[in-house]
Amino acid sequence: MELFKKYEFDSQEQAETKIAALPHTEVDGVSYLEGNHTIVKLGYIVTNTPEYDENGDEVVAPIYSDKYSVDVLWNGLEKSPYGWASYEITVEGNGVHTFLGRNF
Amino acid sequence: MSLYQKASLVQIPSGYKASAAKLYSVVPSSGDADFTISADADATRVNKDGVIESVAANQARLNYDFANPQDPHLLLEPTRIQLAHYTNAISSANGYSLINGTLTTNSHTAPDGTNEASTFKVTSSLGQFQKVKTGSSGVQYTVSAYVKRKTGTGTVYLRAVENTNTAVTVTDEWTRVSLTVTSTSTNIRYGMALATSGDEIYVWGFQVEAGSYATSLIPNPAGIDITRTEDFCHIPSGLQNILNTSEGTLFVDLEVLRVATTSDFDRIVLSDQTSSTDRIILDNFGGNWRSLMISSAGIVSQTIVSVTANQRIKVAIAYSSTQLRISYNGNTATTTSGSYTPTTTLESFKFSNVSGGSKCQGKIYQAMYFNTALTNTELQTLTS
Numbered sequence: 030m031e032l033f034k035k036y037e038f039d040s041q042e043q044a045e046t047k048i049a050a051l052p053h054t055e056v057d058g059v060s061y062l063e064g065n066h067t068i069v070k071l072g073y074i075v076t077n078t079p080e081y082d083e084n085g086d087e088v089v090a091p092i093y094s095d096k097y098s099v100d101v102l103w104n105g106l107e108k109s110p111y112g113w114a115s116y117e118i119t120v121e122g123n124g125v126h127t128f129l130g131r132n133f
Numbered sequence: 040m041s042l043y044q045k046a047s048l049v050q051i052p053s054g055y056k057a058s059a060a061k062l063y064s065v066v067p068s069s070g071d072a073d074f075t076i077s078a079d080a081d082a083t084r085v086n087k088d089g090v091i092e093s094v095a096a097n098q099a100r101l102n103y104d105f106a107n108p109q110d111p112h113l114l115l116e117p118t119r120i121q122l123a124h125y126t127n128a129i130s131s132a133n134g135y136s137l138i139n140g141t142l143t144t145n146s147h148t149a150p151d152g153t154n155e156a157s158t159f160k161v162t163s164s165l166g167q168f169q170k171v172k173t174g175s176s177g178v179q180y181t182v183s184a185y186v187k188r189k190t191g192t193g194t195v196y197l198r199a200v201e202n203t204n205t206a207v208t209v210t211d212e213w214t215r216v217s218l219t220v221t222s223t224s225t226n227i228r229y230g231m232a233l234a235t236s237g238d239e240i241y242v243w244g245f246q247v248e249a250g251s252y253a254t255s256l257i258p259n260p261a262g263i264d265i266t267r268t269e270d271f272c273h274i275p276s277g278l279q280n281i282l283n284t285s286e287g288t289l290f291v292d293l294e295v296l297r298v299a300t301t302s303d304f305d306r307i308v309l310s311d312q313t314s315s316t317d318r319i320i321l322d323n324f325g326g327n328w329r330s331l332m333i334s335s336a337g338i339v340s341q342t343i344v345s346v347t348a349n350q351r352i353k354v355a356i357a358y359s360s361t362q363l364r365i366s367y368n369g370n371t372a373t374t375t376s377g378s379y380t381p382t383t384t385l386e387s388f389k390f391s392n393v394s395g396g397s398k399c400q401g402k403i404y405q406a407m408y409f410n411t412a413l414t415n416t417e418l419q420t421l422t423s
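Chains as they are written, first to last, in the working numbering: chain H, 30 to 133; chain B, 40 to 423.
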């Protein structure tokens, strides 16, 4: 079973703290996230339509959200893990990102 | 008896059942050693006709070489995010800006068999089209696209990440061109340019992804980013009657897509279901192919040869209580002495580490297991 959720955190640090608090397993000195979840850090997403000149340089600079966005494809969960639900958001359609073969 | 007849497990990627998430092994035919596959619906492969097609969820991606489709391999790729948009409809209407040229959509048969390739024609020298994605500075991006020459002989350029034209080789057959660049700003460009006025090319299937190499096409008909999750192939348990815990031989014929580091590496492992106590390992680690034999007696390690990305290698590893012997690509087997005293039972075969992390990224042509430690001559024969 898969669960596709979108989250907005107050900062990158807060998102990283939440991710780090998820269960991990350490093998051979490497820490692996348990559960085969897929976490995509979208970051501070662009909220306007930037414009560029013929060289690809900015004419109208991007404006970034003050929230840090993360999309997660949870594996084997029916709801967000403890501590994540309050950061869930809903969007029309898929928003700015989706997972291949799935819709939000 | 041939070496193949001595094998207790033979995996030659050929038969699969997506609805059961299975990749069938040739030996045994009982189904006791079939691999479990995890793969995204709509991920792509090149089929035997050289056509790019989407697969079903959990379908083993039996992939053929795009330029020369012959024997298939199992394609295992990491998570990647497609940052290029409207990859099947490259046009100014979809945000591709034009200078001294025109783009015409749906004008030629694309590599996926649809009529969705666009024609790019320049009306003055160094005409170009491009789209810009807001990304991150200091990140390695790989930009790729399928390109085919329609008319003219002038130089064709790929515009990738920076405001730079890089010449690429384009013929009158579809070719995937690719360039990996570390960004120096947040403006991530992708497009093409032509040196000669009047020249025309067909173009389709742009891909922009953070990473050191291009992965299979992630189709994106819209204006949002799309993540393809990582592939996985494994037998999590139940091989206790096929694997021999105390001695055996693992053979793998594969090609990896990158030279891994010591902190981000690829691994193939025989182990207990979840315990990391006893393991037989082949990995792409810190620039080298390496094998490990791990038990409570300690770690017996042998570096095999340096890793070359996109170069096929055949490796056979024979393990026993006193030796780790390895042959690759027909070379004489080398021996490392050491003690191996397993206390758990090997019953799992994973294209990853025991936990499912450090998944193997590459092309698997064949894998075999023998429940005895083959002789040095047999190892050499196997890898020739």
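Virtual Cβ for every residue (Gly too), placed ideally from N, Cα, C.
Spatial neighbours of H/A50 within its chain, please: C-beta separation below 8 Å, excluding the five flanking residues on both sides. Only G112 meet the Cβ criterion.
Taking DSSP as the reference, what is the three-state secondary structure of B/Q405? Correct three-state label for B/Q405: strand.
In the DSSP assignment, find the alpha helix (DSSP H) that holds H/G46 and state where it starts and stops. According to the sequence displayed, residue 46 of chain H carries Thr and not Gly. Unbroken alpha helix (DSSP H) run through H/T46: Q41 to A49.
Residue environment, B/P258, which counts as buried when at least 16 other CB atoms sit within 10 Å: Flag for B/P258 reads buried.
Which partner residues of B/A206 appear in the DSSP bridge assignment? Beta-bridge pairing links B/A206 to B/Y196.
In chain order, each beta strand (DSSP E) run of at least 3 residues that lies wholly inside the segment 289-340 of chain B: As summarised for the segment 289-340 of chain B, the continuous beta strand (DSSP E) elements at least 3 residues long and confined to that stretch are 305-310, 318-324 and 327-334, given in chain order.
Locate the alpha helix (DSSP H) running through B/Q419, then write down its first and last residues. Element bounds for B/Q419: N415 to T422.
Contacts of H/G85 in chain B (Cβ-Cβ under 7 Å): Per Cβ cutoff of 7 Å: Q169, V171, N202, N226 and R228.
If the criterion is Cβ atoms closer than 8 Å, does the pair B/K172 and B/L122 meet it? B/L122 is positioned such that its CB atom lies closer than 8 Å to that of B/K172.
Top-ranked residue by Cα proximity to B/N349, from B/R329, B/V295 and B/L331: Ranked by Cα distance from B/N349, the options B/R329, B/V295 and B/L331 are led by B/V295.
Under the rule that 16 or more other beta-carbon atoms within 10 Å means buried, what is B/N226, buried or exposed? The Cβ neighbour count for B/N226, taken over all protein chains shown within 10 Å, is at least 16; the residue is labelled buried.
Is there a C-beta anywhere in chain B that falls below 8 Å from the one on H/Y116? H/Y116 does not count as touching chain B.
Would you check whether the ligand ZN has a heavy atom nearer than 7 Å to the C-beta of B/S397? This structure does not include the ligand ZN; it has no bound ligands of any sort.
Are the segment 274-289 of chain B and the segment 383-390 of chain B touching, with three or more C-beta to C-beta distances below 8 Å? A contact is defined here as three or more CB-CB pairs under 8 Å, and the segment 274-289 of chain B meets this definition with respect to the segment 383-390 of chain B.
Quick one: does B/V242 have its CB under 8 Å from some CB of chain H? With 8 Å as the cut-off, B/V242 does not count as an interface residue toward chain H.
Could you work out which residues of chain B lie near H/F133, taking near to mean beta carbons separated by less than 7 Å? Result: empty, since nearest Cβ-Cβ is about 10 Å, beyond 7 Å.
Taking C-beta pairs closer than 7 Å, name the residues in chain B that H/V69 reaches, listed in chain order. Chain B residues near H/V69: I120 and T266.
Would you tell me roughly how many angstroms separate the C-alpha atoms of B/A355 and B/L48, rounded to the nearest one? Roughly 14 Å between the two C-alpha positions.
With 8 Å as the limit, tell me which residues of the segment 94-118 of chain H have their beta carbon closer than that to any beta carbon of chain B; keep them in chain order. Within the segment 94-118 of chain H, D100 and L102 place their CB atoms closer than 8 Å to a CB of chain B, listed in sequence order.
Kindly indicate which residue of B/D73, B/D151 and B/S131 has the alpha-carbon position closest to the one of B/T144. Of the candidates B/D73, B/D151 and B/S131, the one whose C-alpha sits nearest the C-alpha of B/T144 is B/S131.
Looking at chain B, is there any beta carbon in it that lies within less than 8 Å of the beta carbon of H/L129? Taking Cβ atoms only, chain B reaches closer than 8 Å to H/L129, which makes this a yes.
Beta strand (DSSP E) runs contained entirely in the segment 214-260 of chain B, provided each spans 3 or more residues: Qualifying beta strand (DSSP E) stretches, in chain order: 214-221, 226-233 and 239-249.
Under 8 Å (Cβ pairs) to chain H, residues found in the segment 74-90 of chain B: When CB distances to chain H are screened at a threshold of 8 Å, the residues of the segment 74-90 of chain B falling below it are S77, D79, A80, D81 and A82, in chain order.
Can you tell me the Cα-Cα spacing of B/S315 and B/A336, whole angstroms? So the alpha carbons of these two residues sit roughly 13 Å apart.
Please work out which residues of its chain come closer than 6 Å, Cβ to Cβ, to B/V298, disregarding the five sequence neighbours upstream and downstream, and give them in chain order. G326, V346 and A348.
Spatial neighbours of H/F128 within its chain, please: C-beta separation below 6 Å, excluding the five flanking residues on both sides. L102, listed in sequence order.
By how many angstroms is the C-alpha of B/S222 removed from the C-alpha of H/D82? In a straight line, the C-alpha of H/D82 is about 18 Å away from that of B/S222.
Taking 8 Å as the CB-CB limit, is B/G250 close to chain H? Chain H, which has no Cβ nearer than 8 Å to the Cβ of B/G250, makes this no.
Does the distance from the C-beta atom of B/V216 to that of B/S183 stay below 8 Å? A contact, by the Cβ cut-off of 8 Å.
Buried or exposed for B/S41, going by 16 or more other Cβ atoms inside 10 Å? That one is exposed.
According to DSSP, is B/Q362 helix, strand or coil? B/Q362 carries a strand assignment under DSSP once its states are collapsed to helix, strand and coil.
Alpha carbon to alpha carbon, how far is B/I240 from H/V75? Looking at the two C-alpha atoms, the distance is approximately 33 Å.
Report, in whole angstroms, the separation of the C-beta atoms of B/L413 and B/T288, which I expect to be a contact under 8 Å. That pair is a contact at about 5 Å.
Sub-8 Å separation of B/T266 and H/H126 beta-carbons: Their beta carbons are under 8 Å apart, which means B/T266 touches H/H126 by this criterion.
Under 8 Å, CB to CB, which of the residues in the segment 383-399 of chain B have a partner in chain H? From the segment 383-399 of chain B, only N392, V393, S394, G395, G396 and S397 have a Cβ closer than 8 Å to chain H.
Residues in the same chain with beta-carbon distance under 8 Å from B/T361, minus the five sequence neighbours each way, listed in chain order, please. Within its own chain, the residues whose Cβ lies closer than 8 Å to the Cβ of B/T361, once the five positions on either side in sequence are excluded, are S376, G377, S378 and Y379, listed in chain order.
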